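Below is one structure, written out as structure tokens, with a few remarks after it.
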Amino acid sequence: MPKSPAVRLRPDIESLPAYVPGERPVGTQVFKLSSNEIPFSPLPAVLAALADAAADVNRYPDMHATALVEALGAWHGVGAERVTVGNGSVAVLAHILSAVCQPGDEVVLPWRSFEAYPIATQVAGAMAVTVPLDAAGRHDLTAMAAAVTPRTRAVLLCSPNNPTGPALTQTEVADFLAAVPANVLVVLDEAYIEFVRQPDATDGPALLAAHKNLVVLRTFSKAYGLAGLRVGYALARRRLTAGFRATATPFGVSSLAMAAALAALPEQQAVRARVVQVVAERDRVVGRLRAQGWQVPDPQGNFVWLALGRRSTTFAQAARHRGVLVRAFGGEGVRVSVGEPEGNDLFLEVAQGWIERVGS
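Reminder that position 173 of the sequence shown reads as 1020 in this note's numbering, one-by-one numbering, no gaps.
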């Protein structure tokens, strides 16, 4: 009997780069500084909400996440009909690109940036057009605008940029929006916006009224400390939002995740207090690194970047040997999250030893 032909995958799916998560600790006495999580337990209000919601997990969640989109719409002053929620901002981005891209389309994005961008682009059937960062680890917005062609359907901006750290300013984003054709979607990913302390910080929601082609991505994973529950959202025009929702996975946000996000959103004072601690610790770490002789790009997220090039993996292995997990990016650099002071101090010891043996 002849052998049946095998099921074929799309060629572009077979060639997808794998998303590499931050390494997880095995055993004890290991500090996980590899995934940009905040080092605090969930807020008491969140834990209480989760305990209450757990009794109903035998039921499907509200498919439309009604209470959550209404709360987010009110919080940002845009209305519930302009909010798309999903299983983390990565999933929301995938819905966005699926809604606007067809085979042969292009998506312009900075590189190095968030590694999920080219994956989501390729899954949507489009081609990623990568524009190198400048020498300071920042977006080269002039080059990105020049990379837009008639085939461009979307441009992705990451501010602060993950993994290098620098952030765009509101003026830069406004000028970029003015330079890009109105039929090209501009996605401003503000996953780390709460940690930004530079002047003229981006405020994506404030730009929405004047720019119909803008989409703003936000997340509960970072400052709100809900990384394990996966809640992200997008703010956009009503017509665009309807399209994004149409491509979304039904019941994409669990009942536990919704309950946690609804409990976390009003806790702004507690969230800001935690962010202040992270920023203070970030500044301490950066000050020590620069005193050791490291050249560190301006960090505006909850992480720092060491441009170690081909020595990145070796540095990560040295840190792991000392009980610190950091995130190496091939032959480019190492991203280190700001975690507990004890873990940060151990990382600083590794960095000092590296400088003394190898140099920066």
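All residues carry an ideal CB built from backbone N, CA and C; glycine is no exception. All values reported here derive from a predicted model rather than from experimental measurement.
Buried or exposed: where does Thr822 fall if 16 or more other Cβ atoms within 10 Å of its Cβ makes it buried?
The question about residue 822 has no answer, for the chain in this structure spans 848 to 1207.
Go through its chain and collect everything with a Cβ distance to Leu944's Cβ below 7 Å, but skip five positions before and after it.
Within the same chain, Leu944 has close Cβ partners Val954, Ala967, Thr968, Ala971, Ala973 and Ala1001.
The beta strand (DSSP E) with Ser1068 in it runs from where to where?
That residue, Ser1068, is in no beta strand (DSSP E); it is neither H nor E in DSSP.
Give a yes or no on contact between the region 888-903 and the region 1042-1060, applying the rule of three or more CB pairs nearer than 8 Å.
No, they do not touch.
Taking the alpha carbon of Val1197 as the point to measure from, which residue in Gly1170, Val1118, Val947 and Pro1144 has its own alpha carbon closest?
For Val1197, the nearest C-alpha among the options comes from Gly1170.
Inter-stretch contact at 8 Å, needing at least 3 Cβ pairs: the region 1118-1128 / the region 1067-1081
Yes, since at least three Cβ pairs between the region 1118-1128 and the region 1067-1081 fall closer than 8 Å, the two stretches touch.
What would DSSP say about Tyr1080, mapped onto helix, strand or coil?
If DSSP states are grouped into helix, strand and coil, Tyr1080 belongs with the strands.
Of the residues Gln1124, Ser1102, Leu1032 and Arg1077, the one placed nearest Thr1088, counting alpha carbons only:
Looking at Gln1124, Ser1102, Leu1032 and Arg1077, the one whose alpha-carbon comes closest to that of Thr1088 is Leu1032.
N-terminal and C-terminal residue of the alpha helix (DSSP H) that Asp899 is part of:
Counting along the chain, Asp899 sits inside the alpha helix (DSSP H) bounded by residues Pro891 to Ala900.
When we look at the beta-carbon of Arg1077 and count the other beta-carbons within 10 Å, is it buried (16 or more) or exposed?
Around the beta carbon of Arg1077, 16 or more other beta carbons lie within 10 angstroms, which makes this residue buried.
Give, in chain order, every unbroken run of the alpha helix (DSSP H) that is at least 4 residues long and sits entirely within the region 909-968.
Taking only runs of at least 4 residues, the alpha helix (DSSP H) segments lying wholly in the region 909-968 are 913-923 and 936-947.
Could you work out which residue in Ala1056, Ala1057 and Gly1051 is closest to Val1063 when comparing CA atoms only?
Considering only alpha carbons, the answer is Gly1051.
In the DSSP assignment, what residue or residues form a beta bridge with Ser1184?
Answer by DSSP bridge pairing, in chain order: Phe1150.
If you check the beta carbons only, do Gly984 and Gly1079 fall under 8 Å apart?
For the pair Gly984 and Gly1079, the CB atoms are not nearer than the 8 Å cut-off.
List the DSSP bridge partners of Lys879.
DSSP, once it has assigned bridges, lists Leu1172 as partnering Lys879.
CB-CB under 8 Å to Thr1016, same chain, minus the five flanking residues each way: which ones, in chain order?
Scanning its chain for C-beta atoms nearer than 8 Å, with the 5 sequence neighbours on each side dropped, one finds around Thr1016 the residues Gln1045, Pro1046, Asp1047, Ala1048 and Thr1049, in chain order.
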